[in-house]
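Top to bottom, those sequences are chains F and S. So the first sequence is numbered by the working numbering: it starts at 1 and just counts up by one. So the second sequence is numbered by the working numbering: it starts at 1001 and just counts up by one. Reading through the structure tokens given below for one structure.
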Amino acid sequence: MPDFDADKVSEIHQHLHSHLPSEPALRVKALETLLVDKGLVNPQTIDAWIEAYTEEIGPKRGARVVARAWCDPDFKKRLFEDAPAAIDELGYLGKATAHLKVVENTDKVHNLVVCTLCSCYPFSILGIAPAWYKAAAYRSRAVRDPRGVLAEFGVDIGDEVEIRVWDSTAELRYLVLPQRPAGTEDLNEDELAALVTRNSMIGTDRDLSKG
Amino acid sequence: MNSTDDDALRPLAAADGEPAFDEPWQAQVLAVADSLVQNGLFSAGAWSAALGAELKKADEEGAVDNQETYYRCALSALETLVAKNSEIDRKAMQGKRDDWEQAYLSTPHGQPVELPAE
């Protein structure tokens, strides 16, 4: 058994190490330092990116695009013809949406988006992809068994509805335009945007009338 | 939970109910990767391919299917692409990592951790 002093030493040792960043944190710090020294990245750009993606850029942007499409048929038409240009009208254009295709849900069609290779995602309008989108389980099963995956999200798709699965790439990403819920004719664009969930724009949610 | 006594630490705000990142280093990995794509050091397609290869390898090795694994793969992909496309090699990465470790260990707690001037 260790004596009191050994315990104390061990405690101090642990205390010191608790302030040491984790191994990946040290590695990314090293990488960033080297890249900054070589002038390959700008530390201010990195800080601004992190702040934007943790505190500002998220699915509310996509929800705004959807609500506008529901309210404005001309905007919707432009969104299908050239999504990046239409999204730019709302001031949300980022490099990740430079090649974006919008796919529309109807009574007969449900769209589901995945990236089977890695995690390509329109992050400049939906924010950072949720953990499940990046998981191997989702990436491997969405194409093979979309109905099973949707059932796990609590979304039952009738047999009469065709499910279209879209595999994103770095060159082409997708945004699902969900159906406008019935009985929302009196709602304005802000109120409609509040109904749109992140998952509905990826396709793992369908009926937005449930609130 | 890993220690994140990092000068870049700030609250990880929730986006749609979930925090965007579990830990600051995860945000740093994506920020650096996206920044290098924008600067043209490598393409979005090269990033996707490198990340995909790391994820496939992790899956084959039976790694836990979670965010920690995902971001570790992203970090490895980033290191590979930087080594391939710049003058920064693995040795320099390891050396700088060790410098930071030493700086953390030798800085009294509460004081800013800085690398000694070269």
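The beta carbon of each residue, even a glycine, is placed where N, CA and C say it ideally should be. In this text the structure is predicted, and so the values were computed from the model without any measurement.
key: Contacting residues, own chain, Cβ-Cβ under 7 angstroms from residue 88(F) (five flanking each side not counted)   = none
query = Nearest-angstrom Cα distance between residue 1093(S) and residue 1116(S)?
reply = 16 angstroms
Contacts that residue 1119(S) makes with chain F (C-beta to C-beta distance below 9 angstroms) = In the structure as shown, chain S starts at 1001 and stops at 1118, and residue 1119(S) therefore has no counterpart that could be examined.
ask   = Taking Cβ-Cβ distances shorter than 9 angstroms, what residues in chain S pair up with residue 33(F)?
value = 1096, 1099, 1100 and 1115
inquiry  = So with CB distances below 9 angstroms, who are the chain F contacts of residue 1081(S)?
reply    = Within 9 angstroms Cβ-Cβ: nothing; residue 1081(S) doesn't reach chain F, min ~11 angstroms.
request  = Per DSSP, which residues does residue 162(F) bridge with? Please list them.
outcome  = 109(F)
message = Can you confirm whether residue 110(F), when its beta carbon is compared against all beta carbons of chain S, has any partner nearer than 8 angstroms?
response = no
message = Would residue 31(F) and residue 1078(S) be called neighbours here (beta carbons separated by less than 8 angstroms)?
response = yes
Identity of the residue in 153(F), 120(F) and 80(F) nearest residue 203(F) by Cα = 153(F)
ask   = Do we get a CB-CB distance below 8 angstroms when we pair residue 1087(S) with the residues of chain F?
value = yes
request  = Select from 66(F), 117(F) and 102(F) the residue whose C-alpha is nearest the C-alpha of residue 111(F).
outcome  = 102(F)
ask   = Taking the Cβ atom as the reference point for each residue, do residue 20(F) and residue 1105(S) lie within a distance shorter than 8 angstroms?
value = yes
key: 7 angstroms Cβ cut-off: residues of chain F touching residue 1106(S)   = Correct list: empty, because the minimum Cβ distance to chain F is about 10 angstroms.
query = Hey, is the region 181 to 191 of chain F in contact with the region 148 to 165 of chain F, meaning 3+ C-beta pairs nearer than 8 angstroms?
reply = no
message = Can you tell me whether residue 76(F) is helix, strand or coil according to DSSP?
response = helix
inquiry  = Between residue 1021(S) and chain F, is any beta-carbon pair separated by less than 8 angstroms?
reply    = yes
query = At a CB-CB cut-off below 7 angstroms, which residues of chain S make contact with residue 195(F)?
reply = Ordered by position in chain S, no residue passes the 7 angstroms Cβ test against residue 195(F), which lies about 13 angstroms from the chain.
ask   = If we cut at 8 angstroms on Cβ distances, does residue 27(F) have a partner in chain S?
value = yes
key: Closer than 8 angstroms to chain S by CB, residue 24(F)   = yes
request  = Please decide whether residue 1028(S) counts as near chain F, where near means a Cβ-Cβ distance under 8 angstroms.
outcome  = yes
6 angstroms Cβ shell around residue 150(F) - same chain, five flanking residues per side excluded = 157
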